[in-house]
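So the sequence shown is residues 7 to 267, counted in our numbering.
The C-beta atom is built at its ideal place from N, Cα and C for all residues, glycine as well.
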Amino acid sequence: MTEVRAKKNLGQHFLKDKNIAANIVDALHGSAPRKVLEIGPGMGVLTQFLLKKEDYSTSVIEIDRESVEYLKLNYPELEDRIISGDFLRYDLNGFSTDHFSVIGNFPYNISSQIFFKVLENREKIDEVVCMIQKEVAERLAAGPGSKTYGILSVLLQAWYKIDYLFTVHENVFSPPPKVKSAVIRLERNDVATLGCDEKLFTQVIKAGFNQRRKTLRNSLKSIVPNSESIDAFFLANRPEQLSVDEFIELTKQVEIAKRAI
Ligand code: SAH
7 MTEVRAKKNL
17 GQHFLKDKNI
27 AANIVDALHG
37 SAPRKVLEIG
47 PGMGVLTQFL
57 LKKEDYSTSV
67 IEIDRESVEY
77 LKLNYPELED
87 RIISGDFLRY
97 DLNGFSTDHF
107 SVIGNFPYNI
117 SSQIFFKVLE
127 NREKIDEVVC
137 MIQKEVAERL
147 AAGPGSKTYG
157 ILSVLLQAWY
167 KIDYLFTVHE
177 NVFSPPPKVK
187 SAVIRLERND
197 VATLGCDEKL
207 FTQVIKAGFN
217 QRRKTLRNSL
227 KSIVPNSESI
237 DAFFLANRPE
247 QLSVDEFIEL
257 TKQVEIAKRA
267 I
């Protein structure tokens with residue numbers, strides 16, 4: 007069958023280098039047997055290596071009808087494990103009652119939304135291996151003190167250990183993207199609860215990073231007008247200075263201050 011015509015609005019950049027594809031699949035760590043969900047298989051460059059792993063049960067979800075037809079013809083063994091649809095709208099509870107791994111060369115235009123969905127499903131998704139835009143990969147893996155540390159870095163690192171694995175040059179794709187790419191791995195840590203109000207935790211992080219040049223004393227005013235009881239160390243800092251654990255402690259203190267209003 008002829009190749010799938012790349013559609014820009016779906017973020018389609020097809021990986022042409024099979025060695026890189028094999029390395030991405032080999033980066034999955036989780037113990038076998040395991041269920042794997044590939045997001046955006048396109049023409050199956052990763053899928054072909056996933057199917058070679060006998061102790062993996064691989065399903066794929068693809069929004070592009072033309073790619074779905076291509077996969078059905080070229081990988082008949084995938085059979086009914088091709089989900090034709092939008093990952094962002096797909097109900098993952100229906101997909102699996104077990105834990106599973108997520109893999110994919112993600113469509114870069116929706117990678118943040120994919121990570122927010124991973125966070126919502128963190129009790130089932132115990133691992134993610136993905137290729138994303140290099141700058142985003144650096145941001146997610148960054149620690150406090152780094153200029154690129156941001157909302158998703160803190161939220162994801164609260165629940166996942168993140169490793170930046172390797173950088174991928176644009177010329178191994180067709181068509182080549184305008185940006186460099188990188189492969190990262192997220193592995194669920196053993197944190198069951200943060201020990202603070204988790205919604206408030208997200209609010210505190212968002213309020214902080216939405217005005218990242220301001221001190222937390224300023225940016226938290228919208229959440230907690232009476233910040234006197236909060237540790238001055240937190241208030242005097244900018245959000246990029248705080249570790250995940252410090253954001254948790256700060257959230258606990260914000261919770262107490264809010265109760266005192
Ligand atoms: N894995 C292939 C394709 C990567 S391009 C490769 O490495 O060559 C990104 C893929 O994600 C495309 O196939 C695109 O159609 C698909 N995609 C884009 N948005 C999607 C969505 N919301 N849900 C599922 N797949 C999506």
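Closer than 7 Å: V31 CB and nearest the ligand SAH heavy atom: no
Alpha carbon of S90 to alpha carbon of E44, nearest angstrom: 12 Å
Segment limits, beta strand (DSSP E) that includes N111: 106–111
For Q18, three-class secondary structure by DSSP: Coil.
Beta-carbon gap between D169 and A188 smaller than 8 Å: Cβ distance not < 8 Å, so D169 and A188 don't count as in contact.
Host beta strand (DSSP E) of R265 (start-end): Careful: R265 lies outside any beta strand (DSSP E), inside the alpha helix (DSSP H) at 250–265.
Burial state of D97 (16 or more Cβ within 10 Å): exposed
Sufficient close CB pairs (3 or more, under 8 Å) joining the region 185–201 to the region 40–55: no
Assigned secondary structure, E68 (DSSP; H/G/I helix, E/B strand, else coil): strand
Sub-8 Å separation of G156 and C136 beta-carbons: no
Min CB distance G149 to chain C below 8 Å: Looking at the structure shown, chain C is missing, and only one protein chain is on hand.
Reduced DSSP secondary structure (H/G/I, E/B, other) of T53: helix
Contact test: P113 Cβ vs the ligand SAH heavy atom, cutoff 7 Å: yes
Reduced DSSP secondary structure (H/G/I, E/B, other) of S63: DSSP, read as helix, strand or coil, puts S63 in strand.
Sufficient close CB pairs (3 or more, under 8 Å) joining the region 176–188 to the region 15–34: yes
With 16 other Cβ atoms within 10 Å as the buried cut-off, status of D132: That one is buried.
Start and end residues, beta strand (DSSP E) containing Q139: Counting along the chain, the beta strand (DSSP E) containing Q139 begins and ends at 131–139.
Helix, strand or coil at S159 [DSSP, three-state]: S159 falls in the helix class under three-state DSSP.
Spatial distance of E204 from N29 (CA atoms): 35 Å
Cβ shell of S107 (< 8 Å), same chain only, five flanking positions each side left out: L34, G36, R40, K41, V42, L43, I131, D132, E133, V134, V135
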